[in-house]
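Notes for the one structure printed next.
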Amino acid sequence: MTTSTSALITPEIHPVVARVTQRIAERSKTLRSAYLARIQKMAGRGPRRASLSCANQAHANAAMDSGTKIWLNQAQKPNIGIVTAYNDMLSAHQPYESYPQQIRQAALRFGGTAQVAGAVPAMCDGVTQGRPGMELSLFSRDVIAQATAVALSHDAFDATLCLGICDKIVPGLLIGTLAFGHLPTIFIPAGPMGSGLSNKEKAAVRERYAQGKATKEELLAAESAAYHSAGTCTFYGTANSNQMLLEAMGLHLPGAAFVHPSDPLRHVLTDAAVERILQLTEHSGNYTPIGELVNEKTIVNAVISLLATGGSTNHTIHWIAVARAAGILIDWQDFDELSSVIPLLTRVYPNGTADVNAFEDAGGPTFVIRELLSAGLMHADVKTVYGDQGLAGHINRPALVEGAAGNQVQWHASPAVSTNKDVVRNVTEPFAATGGLRLLQGNLGRAIVKASAVPEDAWIVRAPAIVFESQDALVGAYKAGQLNKDFVAVVIFQGPQANGMPELHHFTPVLGSLMSAGYKVALVTDGRMSGASGKIPAALHVSPEVAQGGPLGKVRDGDLIEVNVHTGELRALVGEAEWASRTVRQPSATETFDYGRELFAAQRRVVTAPEHGASTLFID
């Protein structure tokens, strides 16, 4: 693992970035100090195996091969715990099947050992869209965090390698590993699938199917041409936003995110991650525990990378929970203030027509990080898993080189100019002067909108409300020909306490079709729609949710609703006296059994609001 880089001169940090970071640090002071004290208490005990009794060690080593068992029994070498989200239903995670064996072999070569500490569940929102199982999706993040803690609870590991990519999996793994903040941790991605049917063509077939102009066979053929092989889905939704944020936090090796599963570089990067994690343990003299690496500046860098790339709205929930796991408190106001000064540097679907492969080819995450650092829009003075260069080390792109000992990875400085300015741009000529996410607020509550995905001529919608209590009700109204007009779809009882806050993609083609037909359409909901929301102006995560008495439940059919991305307003244009006199709508009978939903009743009762991370773990 070698580097060949050029120096980056970073200017003074932008005053708004500095102010928001300082406010977060002050807000978090007590909680963060307590967190750091806990992880410092856990550090300094040498090889973790040495603290186990002989019986404990025998249990932990029993199934290992004889050579590895000798090293483990001596308890003198660092032992890596692998936490894997492998399954072969998720295309993004299928490549992980062979990773544990590769990691074990690499660890032995580099002077350590490795074991699979445990596995975590990994469900696919693409499979559960519009299905009852989607009501488990958000809560799966906290289950993954708990499963990660169970895996590491054996206290037999000196470092962690996380194998996970997709929507709730990365945040869950990160929350879980931060509970073991004394351990160094690196995330190892597996890369995206190759480009298939373009997102524009796929969306067109979906809209035609919603209109009854395409058959189910045609729709399946289009979907299968888009999602066609091992690797992450190639649109810039939550999964690929995860990868961008991990790069910005310095938790990947630089440029690792979007290297294809079949690329020989992918294999070598995995070996390099094993070599590097062993260099970060307490035994190495370069101890870099994840709990110290993830600090206020790191979290702000993650948020900024999300804004600069127009990433998933889900992270206005997930990264609040991630920050809380490290003793750091952030909120939507922080996102909004940062968005006011962070330029939009990418156009990747649904913010454009390109996919993540085109993004990577045009410069990718390392280019974006370099541009932001060069303008003083990211904190350079942070620790990362890569080395002592701070975040400046993560402007470098990996390349495969042949060496005497076989293939190796070498890092080179990112190009100074994007190779495709329709996809990625320099900070001096952004697609927009402000970031991809905005805070909306008014008499309906507080919400998030993905402005970067919405055409600017749709940033203001003022139209009568039609209230729905489910996705199916909206789709049914469309099929009955009742929605061929300007309207704001108000979809309620979709928050965490109501039904687990499922993704609301089931009706995306319907609203997209109506927009294409020339109608003014918007969505206002206490549910979520993530990075695949497309071109629809959507006020998401409206808080407080209707199940908690939120004012969105006062809306009645025909009320004039204004969604204004320019001014950040979200309101019902109803007289104050009339509005004050209304009661919040009560739900119809709701089905919460079958598909395992009954097992999550306790989570629905205690889950916090989206702006507090929609968490069942941190409820104080």
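Under our numbering, the very last position in the sequence shown is 884; numbers go up by exactly one each time.
Cβ coordinates follow ideal geometry from the N, Cα and C atoms, glycine included.
Remember, predicted model here, so these are calculated numbers, not experimental data.
Expected contact under 8 Å - CB spacing of residue i and residue j to nearest Å
| i | j | result |
| --- | --- | --- |
| L708 | A836 | 6 Å |
| A805 | I581 | Correcting the residue identity first, residue 805 is His in this sequence and not Ala. Between I581 and H805 the Cβ distance is about 7 Å, and since that is below 8 Å, they are a contact. |
| T534 | I367 | 7 Å |
| A249 | L636 | Past the boundaries of the shown model lies residue 249; the chain is included only from 265 to 884, so the question cannot be answered. |
| L557 | G514 | 7 Å |
| A489 | L461 | 4 Å |
| A415 | V523 | No, A415 and V523 are not in contact; Cβ-Cβ is about 26 Å, not under 8 Å. |
| D422 | H547 | 7 Å |
| Q758 | T789 | 5 Å |
| L655 | V649 | Actually they do not touch by this definition, with Cβ atoms about 11 Å apart. |
| A590 | Y299 | 6 Å |
| A411 | V384 | 4 Å |
| M508 | A521 | 7 Å |
| T424 | G345 | 5 Å |
| A420 | L272 | 40 Å between Cβ atoms; not a contact. |
Residues sharing a beta bridge with residue i, DSSP
| i | result |
| --- | --- |
| K714 | L701 |
| S462 | Note: S462 sits in no beta bridge, so no partner. |
| P662 | W675 |
| G345 | Q379, T424 |
| F451 | C426 |
| E720 | Its beta-bridge partners do not exist; DSSP assigns none. |
| R908 | Absent from the model: residue 908. The displayed extent of the chain is 265 to 884, so no value can be given. |
| G667 | G670 |
| L834 | V827 |
| G740 | In the DSSP output, where bridge partners are listed per residue, G740 has none listed. |
| G709 | G706 |
| F732 | V755 |
| L787 | A753, A802 |
| V434 | In the DSSP output, where bridge partners are listed per residue, V434 has none listed. |
| V688 | T610 |
| A467 | A467 pairs with nothing; no bridge assigned. |
| A618 | V612 |
Proximity of residue i and residue j at Cβ, strictly below 8 Å
| i | j | result |
| --- | --- | --- |
| E809 | Q393 | no |
| V619 | N463 | The displayed chain sequence assigns Asp, not Val, to residue 619. Yes, Cβ-Cβ distance for D619 and N463 is below 8 Å. |
| L778 | V755 | no |
| S603 | G706 | no |
| A741 | A803 | no |
| T498 | G455 | no |
| H418 | A324 | yes |
| A866 | T856 | no |
| V829 | P801 | yes |
| D595 | A729 | no |
| R661 | S879 | no |
| T274 | V564 | no |
| I408 | L437 | yes |
| L570 | I288 | no |
| R792 | V731 | no |
| V532 | V673 | yes |
| T444 | H516 | It is Phe, not Thr, that sits at residue 444 in the sequence shown. Result no, Cβ atoms of F444 and H516 do not sit closer than 8 Å. |
| L747 | P528 | no |
Three-state class that DSSP yields for residue i in the structure shown
| i | result |
| --- | --- |
| R792 | strand |
| C318 | helix |
| S807 | strand |
| P694 | coil |
| L295 | helix |
| V605 | coil |
| P456 | strand |
| N325 | helix |
| E635 | helix |
| L641 | coil |
| V612 | strand |
| T496 | strand |
| E361 | helix |
| A356 | coil |
| E855 | coil |
| E556 | helix |
| E546 | helix |
Cβ of residue i within 8 Å of any chain D Cβ
| i | result |
| --- | --- |
| G436 | The structure shown contains no chain D, having only a single protein chain. |
Legend entry - Segment contact, 8 Å Cβ cut-off, at least three pairs: the segment 722–738 with the segment 628–644: Cβ pair count under 8 Å is below three, so no.
Legend entry - Inter-stretch contact (C-beta, 8 Å, three-pair minimum) for the segment 552–562 and the segment 690–704: Output reads no: the segment 690–704 does not touch the segment 552–562.
Inset, instruction - Examine the Cβ distances between the segment 529–542 and the segment 464–479 and report whether three or more of them are shorter than 8 Å. - result: Taking a cut-off of 8 Å on C-beta distances, the segment 529–542 does not touch the segment 464–479, as fewer than three cross pairs fall below it.
Inset, instruction - Evaluate the contact criterion for the segment 423–435 versus the segment 350–362: three or more CB pairs, one atom per stretch, below 8 Å. - result: Proximity of the segment 423–435 to the segment 350–362 meets the contact definition, three or more beta-carbon pairs being nearer than 8 Å.
Legend entry - the segment 743–755 contacting the segment 769–789, beta-carbon criterion three pairs below 8 Å: Contact between the segment 743–755 and the segment 769–789 is present, because at least three Cβ pairs lie under 8 Å.
Inset, instruction - Could you tell me whether the segment 600–611 touches the segment 679–691, using the rule of 3 or more Cβ pairs below 8 Å? - result: Touching, yes, given that three or more Cβ pairs across the two stretches are closer than 8 Å.
Legend entry - At least 3 beta-carbon pairs within less than 8 Å: the segment 395–404 vs the segment 367–377: Contact between the segment 395–404 and the segment 367–377 is absent: fewer than three C-beta pairs spanning the two stretches fall below 8 Å.
Inset, instruction - Please determine if the segment 566–578 and the segment 499–518 are in contact, where contact requires at least 3 C-beta pairs separated by less than 8 Å. - result: Touching, per the Cβ criterion.
Inset, instruction - Could you say if the segment 275–283 and the segment 639–646 meet the contact criterion of at least three C-beta pairs nearer than 8 Å? - result: Cβ pair count under 8 Å is three or more, so yes.
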